[in-house]
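For the record, the sequence lines run as chains A, G and V.
One point on numbering: in this note's numbering, the residue at position 117 of the first sequence is 117, and numbering is uninterrupted.
Whatever position you read off the second sequence (first residue = 1), add 330 for this note's numbering.
Whatever position you read off the third sequence (first residue = 1), add 591 for this note's numbering.
Okay, structure first, notes after.
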Amino acid sequence: MHMADALVSPAVGGVFWVVSAYLTAKSSAVLKKSDDTGKTALMGVLAAFVFASQMINFSIPGTGSSGHIGGGLLLSIFLGPERAFLSMVSILAVQAFFFADGGLLALGCNIFNMGFFPCFIAYPFIYIKLSERIDGTKGIFWGAVIASIAGLIMGAFFVVLQTAFSGITSLPLNMFMLLMLLIHFAIGAVEGFATAMAVIYVYSKMPGVLTESKTENRHKEMKRAVAVFALLALMTGGLFSFYASSSPDGLEWSIEGVAGTAEIEAPRSLPHSFSALIHERFAPLPDYAFKNKAASENMGTTVSGVVGSIITLAIALALGMFFRKRNGRQ
Amino acid sequence: MRLKDLYRTEIYDESRGPFFSPLVLLAVTFVYTVAVVSFDRYQTFRMLPLAAYPIFIGSFARVSGRDIFRKMLTVLPFVIFIGIWNPFFDTTRTEYLGIMISMGWISFFSLILKFLLIVPATLIMVAATGFDGLCRTAASLGLPDVLVTQFFLLQRYIRLLAEETHNIVRARVFRGGKITVANAGNICGPLLLRCLSRSERIHSALMCRGFGGQLYHKHRRENRISVHDLIFVLTWVLFFSMVRIFDMPVLIGDLIVGCVF
Amino acid sequence: MKVFEIENICYSYPDGTKALNDLSFSVYEGEILGIAGANGSGKSTLLMLMMGCLSPLHGKIIYEGEKLSKQKLMIMRRETGILFQDPDDQLFLPTVWEDVAFGPRNLGLTEEEVALRVNSALRDTGIEALANKAPWKLSGGEKTLAALAGLFAMRPKTLLLDEPTSGLDPKSRRELINIIGRTKNTAVIATHDLDMVMDVCQRVVIMKNGTIESDGKVPGVLTDREFMASCGLEIPLSLTSRFS
Ligand SMILES: Nc1ncnc2c1ncn2[C@@H]1O[C@H](COP(=O)(O)OP(=O)(O)OP(=O)(O)O)[C@@H](O)[C@H]1O
Ligand SMILES: [Mg+2]
Chain A
1 MHMADALVSP AVGGVFWVVS AYLTAKSSAV LKKSDDTGKT ALMGVLAAFV
51 FASQMINFSI PGTGSSGHIG GGLLLSIFLG PERAFLSMVS ILAVQAFFFA
101 DGGLLALGCN IFNMGFFPCF IAYPFIYIKL SERIDGTKGI FWGAVIASIA
151 GLIMGAFFVV LQTAFSGITS LPLNMFMLLM LLIHFAIGAV EGFATAMAVI
201 YVYSKMPGVL TESKTENRHK EMKRAVAVFA LLALMTGGLF SFYASSSPDG
251 LEWSIEGVAG TAEIEAPRSL PHSFSALIHE RFAPLPDYAF KNKAASENMG
301 TTVSGVVGSI ITLAIALALG MFFRKRNGRQ
Chain G
331 MRLKDLYRTE IYDESRGPFF SPLVLLAVTF VYTVAVVSFD RYQTFRMLPL
381 AAYPIFIGSF ARVSGRDIFR KMLTVLPFVI FIGIWNPFFD TTRTEYLGIM
431 ISMGWISFFS LILKFLLIVP ATLIMVAATG FDGLCRTAAS LGLPDVLVTQ
481 FFLLQRYIRL LAEETHNIVR ARVFRGGKIT VANAGNICGP LLLRCLSRSE
531 RIHSALMCRG FGGQLYHKHR RENRISVHDL IFVLTWVLFF SMVRIFDMPV
581 LIGDLIVGCV F
Chain V
592 MKVFEIENIC YSYPDGTKAL NDLSFSVYEG EILGIAGANG SGKSTLLMLM
642 MGCLSPLHGK IIYEGEKLSK QKLMIMRRET GILFQDPDDQ LFLPTVWEDV
692 AFGPRNLGLT EEEVALRVNS ALRDTGIEAL ANKAPWKLSG GEKTLAALAG
742 LFAMRPKTLL LDEPTSGLDP KSRRELINII GRTKNTAVIA THDLDMVMDV
792 CQRVVIMKNG TIESDGKVPG VLTDREFMAS CGLEIPLSLT SRFS
């Protein structure tokens, strides 16, 4: 459920960048204060492990589809929330840059959806509680499965929210949400199951590793930040759901009406935007303003547009090769 | 996400062009991305000239197009999943390029175009800077030490573990084994255990060499931005704003068409 | 003076494998001690325990007259360099040069001093040509040499080496043996390379199934064909004449 750059508007991307950057800075500050470098290597290697393990795709019997280990929860179990969050930041950044999974602008959204929820919400409030209540491997199993589902559902909900706020989809929100939540419920169950099996395996071999991270108490500062963001997320989500349900086919029109999404500044209708286009087109070249506005006019625009595009791109290509040659000669 | 992508690509590690500093490329790519997504959902051809940027950098840094194409294919489905509903729900019809189609198709086309513009640009930027170039940029941007260390360790061990994982999977499949969720524990578990003990050894190796929380000591010269770089940034930002404000394709096209005919 | 004293150490891995069983010996200052033994006899485990990467179930490890507490462990790690069996565990940075410089930089040296140390370490190990290569692009032997250079740049008092010559070509092996032979450092070398033990070590410990079978001067037990065979080893090549 990586948000792609093409799916977010600058405003949405910007807001979540700020939020994620704040959480990252806070987590780092808390870790720096605790001055415990004991888990540095573990952080790096486990992040690499999550990466590598996502390359093992388990086939799910009877469905023909496949799943893999989920990242955030597994990391939290071994590292605690702050370190897990930072590891997720590194993983998501690498995915965005090297695998085109996500993107530069959408990175903030992805960190929030896939880092914040599993590490700071699902792990402490679901996994820990459940695995403390229920003894032994059963507790780990149910804790991991339920926390994983919850984390993914929350993330998926925010994917819907971010997409809608960005004004990308025309899919009625209710349907979009239902679709996303159902799909991610299923994915969460599979990921949770795989995560649980791996953790139980390790637990059976080295019980010490897990209890260690559990007793690590969390810092007040971090708790406050998490509480604030959880509250904000809850409020945004609540408001959003309210609008989603009150305007079954309205999607972002309604949001635009209420919140006034500023980034969609261009006119809505195509004829309108064409006239704006024509206007822009003729303003710098007044000679053309007296051309008759026939149907062929649009064709003319298109031809001009295509020719212009090709020329611009050809120049770019030529310049690139020219500079490469020149650079090579130096 | 394919395992082979990680180590077959030349993207992985080598920084190719010392010509551009990674920081500069990162900044321009960011502005570029914002410029692309700032076009509204019914814009199509107007943003096309922006492709000049990835084409310029790509031809400059000699990035393999096939590689980028393959990566794009793996992530395209999610974008299509989000966008494909538009034609069904946004059915206002309008004239476009001389044909009548629904606005939904236009916005879908616009979305795909944005995707096609942004993804190669990011991948090309990475290819031109390299993984360690990016890690160094991260360090010079003043990221917290914890995160910088994390990036460097991740860059170092991701490949190693990917190969280890690959071997485990191959060993299993070669002997006719199947990989299902049911044996997730038996495949990932040992790998995880090995990672835990490896991390302990790495930790003691770090300690032996006096690690105090800072893996990478950044150098002053990496922060320096040359006049070259500055011109590069300004030129592109100017270009992006021009494309954003004026209808460049039509402008240039008119000029040419007007001159020729 | 004793650098390390190991007293009645027992260690089992979490999965129940008994790796070391009631093992005692000492390492004296300035000596080069070889540890030999069949695969799985516990050599690597022993070095990991000495380095404090694992903690013993019973017994104690004394470093320079003091039991290893958290503080003493820090001091010990600063003064001791360990080469792991898998050099990938100790090369972290994107280029060999930077990796070798990592230790000296942590000591707070100036850039000139760092460069001096790094270059001399690279020269000693003969890998100056690889300075700007990425660790993952090195061959197995080159990785070992790079890791060794990283140790040497720290100028440690004691070296713990786990199979330093495995994967080295004859020339590099010979050079490494020369380097070790030249140092005034204390060194503990776990190895299957008994000829190296013959060449550089003054004392050798033979391990079998997590215990010490023999501890004495070189060549000593190394010449005892039957005893060596009972420990899963053979006498060094240099003592047999192959073509007889
Ligand atoms: N992480 C581990 N978990 C469980 N058992 C282990 C682990 N590492 C090693 N062992 C076991 O401990 C015993 C001693 O292993 P060790 O690695 O110390 O042997 P070694 O003497 O170094 O062998 P080699 O010459 O092959 O390097 C072996 O029986 C091995 O199977
Ligand atoms: Mg060994």
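Every residue, glycine too, gets a C-beta built ideally from N, C-alpha and C.
All values derive from a computational prediction rather than experimental measurement.
Looking only at its own chain, which residues have a Cβ that is under 8 angstroms from the Cβ of residue 157 of chain A, when we skip the five neighbours before and after it? Position 157 of the first sequence, counted from the first residue, corresponds to residue 157 of chain A. So the list reads 177, 180, 181 and 237, once near-sequence residues are dropped.
Can you pull the chain G residues whose beta carbon is under 8 angstroms from the beta carbon of residue 86 of chain A, in chain order? The sequence position of residue 86 of chain A within the first sequence is 86, counting from 1. Chain order gives the chain G residues near residue 86 of chain A as 476, 477 and 480, where near means a beta carbon separation below 8 angstroms.
Taking residue 206 of chain A as the query, report the chain V residues whose CB atoms sit under 7 angstroms from its CB, ordered along the chain. The sequence position of residue 206 of chain A within the first sequence is 206, counting from 1. For a Cβ distance threshold of 7 angstroms, residue set 605 of chain V lies close to residue 206 of chain A, ordered along the chain.
For a contact meaning CB atoms closer than 8 angstroms, what does residue 532 of chain G contact in chain V? On the second sequence, position 202 is the one that residue 532 of chain G refers to. For residue 532 of chain G, the neighbours in chain V by C-beta distance under 8 angstroms run, in chain order, 680, 681 and 683.
Residue 166 of chain A versus residue 363 of chain G: straight-line alpha-carbon distance, rounded: Counting from one through the first sequence, the residue named residue 166 of chain A turns up at place 166. Counting from one through the second sequence, the residue named residue 363 of chain G turns up at place 33. Cα-Cα distance, rounded: 14 angstroms.
Expected contact under 8 angstroms - CB spacing of residue 750 of chain V and residue 672 of chain V to nearest Å: Locating residue 750 of chain V in the third sequence gives position 159, counting from the first residue. Locating residue 672 of chain V in the third sequence gives position 81, counting from the first residue. With a Cβ gap of about 5 angstroms, residue 750 of chain V and residue 672 of chain V count as contacting.
Any idea what DSSP makes of residue 800 of chain V, helix, strand or coil? Position 209 of the third sequence, counting from 1, holds the residue named residue 800 of chain V. Three-state result, residue 800 of chain V: coil.
Mind checking if residue 697 of chain V is an interface residue toward chain G, Cβ cutoff 7 angstroms exclusive? On the third sequence, residue 697 of chain V is found 106 positions in, with the first residue counted as 1. Yes, contact with chain G.
Beta-carbon proximity check, residue 659 of chain V vs residue 738 of chain V, cutoff 7 angstroms: As a position in the third sequence, residue 659 of chain V is number 68, starting the count at 1. As a position in the third sequence, residue 738 of chain V is number 147, starting the count at 1. Not a contact, by the Cβ cut-off of 7 angstroms.
Below 7 angstroms CB to CB, which residues in the same chain sit around residue 369 of chain G once its five sequence neighbours on both sides are set aside? Stepping through the second sequence from its first residue, residue 369 of chain G is reached at position 39. Excluding positions up to five away in sequence, the list reads 376 and 377.
For residue 524 of chain G, go through chain V and note every residue whose CB falls closer than 9 angstroms to its CB, in chain order. Position 194 of the second sequence, counted from the start, is the residue given in the question as residue 524 of chain G. Around residue 524 of chain G, no beta-carbon contact reaches into chain V at under 9 angstroms, the shortest distance being about 11 angstroms.
Where residue 707 of chain V and residue 648 of chain V are concerned, what is the direct C-alpha to C-alpha distance, given to the nearest angstrom? Against the third sequence, residue 707 of chain V aligns to sequence position 116. Against the third sequence, residue 648 of chain V aligns to sequence position 57. Spanning the alpha carbons of residue 707 of chain V and residue 648 of chain V requires a straight line of approximately 43 angstroms.
By Cβ distance below 6 angstroms, which residues in the same chain neighbour residue 598 of chain V in space, the five residues on each side in sequence not counted? Working through the third sequence from its first residue, we reach residue 598 of chain V at position 7. Spatial neighbours of residue 598 of chain V in its own chain (CB-CB distance under 6 angstroms, excluding positions within 5 residues in sequence) are listed in chain order as 615, 650 and 651.
Closest by CA to residue 7 of chain A, which one among G:355, G:497 and G:410? On the first sequence, residue 7 of chain A is found 7 positions in, with the first residue counted as 1. From the listed residues G:355, G:497 and G:410, the smallest Cα separation to residue 7 of chain A is found for G:410.
Separation of residue 71 of chain A from residue 388 of chain G, as counted between CA atoms: Within the second sequence, residue 388 of chain G is the residue found at index 58, counting from 1. Within the first sequence, residue 71 of chain A is the residue found at index 71, counting from 1. In a straight line, the C-alpha of residue 388 of chain G is about 32 angstroms away from that of residue 71 of chain A.
Taking Cβ positions, are residue 26 of chain A and residue 225 of chain A nearer each other than 7 angstroms? Walking along the first sequence from the start, residue 26 of chain A turns up at place 26. Walking along the first sequence from the start, residue 225 of chain A turns up at place 225. Cβ atoms of residue 26 of chain A and residue 225 of chain A: closer than 7 angstroms.
Does residue 462 of chain G get closer than 7 angstroms to chain B when you measure Cβ to Cβ? Included in the structure are the protein chains A, G and V, with no chain B among them.
Quick check: the Cα distance between residue 252 of chain A and residue 421 of chain G, rounded to an integer number of angstroms? As a first step, residue 252 of chain A must be located in the first sequence, where it is residue number 252. As a first step, residue 421 of chain G must be located in the second sequence, where it is residue number 91. Because residue 252 of chain A sits at a pLDDT of 40, beneath the cut-off of 50, its placement in the model cannot be relied upon, and the following sentence gives the value as read from the coordinates. Their Cα atoms are separated by approximately 16 angstroms.
Distance, residue 548 of chain G Cα to residue 358 of chain G Cα: Your numbering for residue 358 of chain G matches position 28 in the second sequence. Your numbering for residue 548 of chain G matches position 218 in the second sequence. If you take the alpha carbons of residue 358 of chain G and residue 548 of chain G, they lie about 23 angstroms apart.
Taking 6 angstroms as the cut-off, is the CB of residue 469 of chain G close to at least one heavy atom of ligand 1? To locate residue 469 of chain G, count along the second sequence from 1; it is residue 139. Proximity of the beta carbon of residue 469 of chain G to ligand 1 is not indicated: no heavy atom of the ligand is located closer than 6 angstroms.
Considering only heavy atoms of ligand 1 and the C-beta of each residue, which residues fall inside 6 angstroms, strictly closer? Every residue whose Cβ sits closer than 6 angstroms to any heavy atom of ligand 1 is listed here in chain order: G:527, V:604, V:606, V:608, V:610, V:628, V:630, V:631, V:632, V:633, V:634, V:635, V:636 and V:676.
Which residue or residues does DSSP assign as beta-bridge partners of residue 794 of chain V? The residue given as residue 794 of chain V occupies position 203 in the third sequence. Residue 794 of chain V is bridged to V:624 and V:808.
What does the Cβ neighbour count give for residue 826 of chain V, buried or exposed, with the cut at 16 atoms within 10 Å? One-based indexing of the third sequence puts residue 826 of chain V at position 235. Residue 826 of chain V is buried by the Cβ-count criterion.
If you measure from the beta carbon of residue 668 of chain V to each beta carbon in chain G, is any gap under 7 angstroms? By one-based count along the third sequence, residue 668 of chain V stands at place 77. So, interface residue.
Cβ pair count under 8 angstroms reaching 3, the stretch 528-548 of chain G against the stretch 39-49 of chain A: Yes, the stretch 528-548 of chain G touches the stretch 39-49 of chain A.
Beta-carbon neighbours of residue 373 of chain G, restricted to chain V and to distances below 7 angstroms: Locating residue 373 of chain G in the second sequence gives position 43, counting from the first residue. Result: empty, since nearest Cβ-Cβ is about 41 angstroms, beyond 7 angstroms.
Which residue's Cα is closest to the Cα of residue 494 of chain G: V:679, V:717 and V:815? Counting from one through the second sequence, the residue named residue 494 of chain G turns up at place 164. Looking at V:679, V:717 and V:815, the one whose alpha-carbon comes closest to that of residue 494 of chain G is V:679.
What did DSSP end up calling residue 786 of chain V once you bin it into helix, strand or coil? The residue given as residue 786 of chain V occupies position 195 in the third sequence. In the three-state DSSP reduction, residue 786 of chain V falls in the helix class (H, G or I).
Residues bridged to residue 672 of chain V (per DSSP): As a first step, residue 672 of chain V must be located in the third sequence, where it is residue number 81. For residue 672 of chain V, which the question treats as bridged, DSSP gives the partners V:750.
With C-beta atoms as the reference, is residue 103 of chain A less than 7 angstroms away from residue 96 of chain A? Taking the first residue of the first sequence as position 1, residue 103 of chain A is located at position 103. Taking the first residue of the first sequence as position 1, residue 96 of chain A is located at position 96. Yes; because the gap between Cβ atoms is below 7 angstroms, this pair is in contact.
Which first and last residues belong to the alpha helix (DSSP H) in which residue 650 of chain V is found? Taking the third sequence and counting its residues from 1, one reaches residue 650 of chain V at position 59. Per DSSP, residue 650 of chain V is not a residue of any alpha helix (DSSP H); the beta strand (DSSP E) it occupies stretches across 649-654.
Listing by chain order, which chain A residues have their CB less than 9 angstroms from the CB of residue 519 of chain G? Taking the first residue of the second sequence as 1, we reach residue 519 of chain G at position 189. The CB of residue 519 of chain G comes closer than 9 angstroms to the CB of 197, 198, 199, 200, 201, 202, 204 and 205 in chain A, given here in chain order.
Given this structure, state the Cα-to-Cα distance separating residue 310 of chain A from residue 90 of chain A, to the nearest angstrom. The residue labelled residue 310 of chain A in the question sits at position 310 within the first sequence. The residue labelled residue 90 of chain A in the question sits at position 90 within the first sequence. Rounded to whole angstroms, the gap between the alpha carbons of residue 310 of chain A and residue 90 of chain A is 38 angstroms.
Between residue 78 of chain A and residue 228 of chain A, which are expected to be in contact by the criterion C-beta below 8 angstroms, what is the C-beta distance as a whole number of angstroms? The residue given as residue 78 of chain A occupies position 78 in the first sequence. The residue given as residue 228 of chain A occupies position 228 in the first sequence. With a contact defined as Cβ atoms closer than 8 angstroms, residue 78 of chain A and residue 228 of chain A miss out at about 26 angstroms.
Within 7 angstroms, strictly: CB atoms of residue 117 of chain A and residue 143 of chain A: Within the first sequence, the letter at position 117 stands for residue 117 of chain A. Within the first sequence, the letter at position 143 stands for residue 143 of chain A. Result no, Cβ atoms of residue 117 of chain A and residue 143 of chain A do not sit closer than 7 angstroms.
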